[in-house]
Amino acid sequence: MEYLPKDDRYSRMTYRKCGNSGINLPLISLGLWHNFGGVDDFGTCREIIRSAFDSGITHFDLANNYGPPPGTAESNFGKILGKDLAPYRDELIISTKAGYLMWPGPYGDHGSRKYLLASLDQSLKRMGLEYVDIFYSHRYDSETPLEETMGALAQAVKSGKALYAGISNYPPDQTADAARILSELGTPCLIHQVKFSMFVREPENELSRVLRKKMIGCIAFSPLAQGLLTDRYLKGIPADSRAGKPHGFLKTAQITPELLEVVRKLDKTAQSFGITLAELALNWVKSHDFITSVLVGVSSKQQLDTNLRILNLPDFSPEQMSMINSCLPEAT
Ligand SMILES: NC(=O)c1ccc[n+]([C@@H]2O[C@H](COP(=O)([O-])OP(=O)(O)OC[C@H]3O[C@@H](n4cnc5c(N)ncnc54)[C@H](OP(=O)(O)O)[C@@H]3O)[C@@H](O)[C@H]2O)c1
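Mapping the sequence shown onto numbering that gives the first Met the number 0, position 300 (from 1) lands on 299, and the numbers just tick up by one.
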């Protein structure tokens, strides 16, 4: 049946300005790293994407290697675009990335111009798109001059195959250098995609200062620590969970008794606030002023619905943040 998106979708979402740009991103964006590959159920993928768009999620985040097998998240997303979202292309911010291993040999990994531009062409083909909205260098590559990697991003923008350039997983100093080079090339850095959650707090320090100074947007990935910061693992490891699947990037060895003790404390705090642990974790991320968007992954529409509830929650007060942070180990 023909898909008709909900008319009230834009009044259901909050949008935040992305750095010093004209782009507003939804406070919650959807990532397709897991659960959208060739191994996953296409009907569920389609239901989640439709439901996301119906809720005002305009930003879908991909990378060349998402699957498994690598590339299949992009081809599945391309199919869903073709079936449901093609008439709404101008309402979407679609991103992809290159930087991790994608094909064999010396030109299918890292940060060379050769790799990035070939990979972007392949991504566009898989998604059936003429351009992506954001093209990212997926990680900093110390073996390639930063001028070359940033030059490739600028070339992607100048050729019309991407509208904006972004970086991901870059350390603070390299972020500042990348931003300077991109500005000099006339294609400013729109956004930095960083790992940020109650369990990964480094971006709160030096990196957030660089992003504020350079007026770069920030989108936080793995805000639920791949599901650890939810009730998913409180009673064991479900077979249909990321840690329970053989291809999931979350490994059972990471789910230690010490970690579960912290998760239980956080769960109790969430209950005392009258919200779920997932909501606590996502609201904690969104309460940081350098965050433009919270980039979640979900394996079902129900999970997405729960996560969207943070749109109705005010940011945590400093007192609430201290109460939550006191449950976290010092090293986070
Ligand atoms: N730039 C990079 O290097 C990089 C790296 C990683 C990710 N990313 C991006 O960030 C996106 C999000 O990363 P992520 O998938 O690790 O994010 P996440 O939001 O931390 O974890 C997602 C997982 O948490 C569980 N979950 C989500 N909502 C839940 C809820 N309400 N209740 C219970 N469990 C819930 C689901 O696990 P189950 O599947 O077990 O149900 C889901 O697959 C990726 O898709 C990708 O776009 C980027």
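Beta carbons are placed, not taken as given, at the ideal position from N, Cα and C, and that holds for glycine.
No experiment lies behind these values; they were computed from the predicted model shown.
Annotation: the continuous alpha helix (DSSP H) that includes P256 extends over P256 to F272. The beta-bridge partner set that DSSP reports for Q192 consists of S167 and I218. For the 8 angstroms CB-CB criterion, K250 and A242 form a contact. In the three-state reduction of the DSSP assignment, G30 falls in the strand class, which pools E and B. Per the coordinates, the alpha-carbon of I133 lies some 22 angstroms from the alpha-carbon of N34. Within the segment 46-89, the runs of alpha helix (DSSP H) that reach at least 4 residues and sit entirely inside it are, in chain order, 71-79. Note on the segment 134-187: whole alpha helix (DSSP H) runs with a minimum of 4 residues are 145-157 and 171-183, in chain order.
With a 10 Å radius around the Cβ and a threshold of 16 neighbouring Cβ atoms, N311 comes out exposed. C-alpha of G70 to C-alpha of R125: approximately 7 angstroms in a straight line. Residue state for P103 is assigned as coil, using DSSP reduced to three classes.
Residue pairing by DSSP places V131 opposite A161 in a beta bridge. Around the CB of P202, 16 or more other CB atoms lie within 10 Å, so the residue is classed as buried. For P4, the secondary structure class from DSSP, reduced to helix, strand or coil, is coil. In the structure shown, the three-state DSSP call for I309 is helix. Cβ contact annotation for K285 (same chain, cutoff 7 angstroms, sequence separation greater than five): L26, V293, I309 and D314, in chain order. The residue from N282, I180 and S221 with its alpha-carbon nearest to that of F248 is S221. With a cutoff of 7 angstroms, A224 counts as near ligand 1, since its C-beta is closer than that to a heavy atom of the ligand. Counting only the Cα atoms, V262 lies some 20 angstroms from L303.
Checking the 7 angstroms criterion, the Cβ of D83 is out of range of every heavy atom belonging to ligand 1. DSSP, reduced to helix, strand and coil, places A97 within a strand of the structure shown. Ligand 1 approaches N34 closely enough that one of its heavy atoms is under 7 angstroms from the residue's Cβ. Distances between the C-beta of L294 and the heavy atoms of ligand 1 include at least one below 7 angstroms. The residue from K160, A164 and N306 with its alpha-carbon nearest to that of D230 is N306. Around the CB of D39, 16 or more other CB atoms lie within 10 Å, so the residue is classed as buried. Note on geometry: alpha-carbon atoms of P68 and S271 lie some 42 angstroms from one another. Contact check for Y14 against N23 passes: the beta carbons are separated by less than 8 angstroms. Excluding its 5 nearest sequence neighbours in each direction, T148 has C-beta neighbours in its own chain below 6 angstroms: G110 and S136, listed in chain order. A straight-line Cα-Cα distance of about 43 angstroms links A85 and T268. The Cβ atoms of Y114 and G107 sit closer than 8 angstroms to each other.
Remark: C-beta atoms of S167 and H191 approach each other more closely than 8 angstroms.
Contact annotation, I180 with L223: C-beta distance approximately 33 angstroms; criterion of less than 8 angstroms not satisfied.
With a cut-off of 7 angstroms, the C-beta of V297 is classified as near ligand 1, since at least one heavy atom of the ligand falls inside that distance. Here the distance from the Cβ of D39 to the nearest heavy atom of ligand 1 is not below 7 angstroms. C-alpha of T255 to C-alpha of G235: approximately 11 angstroms in a straight line.
When DSSP states are grouped into helix, strand and coil, Y232 belongs to the coil group.
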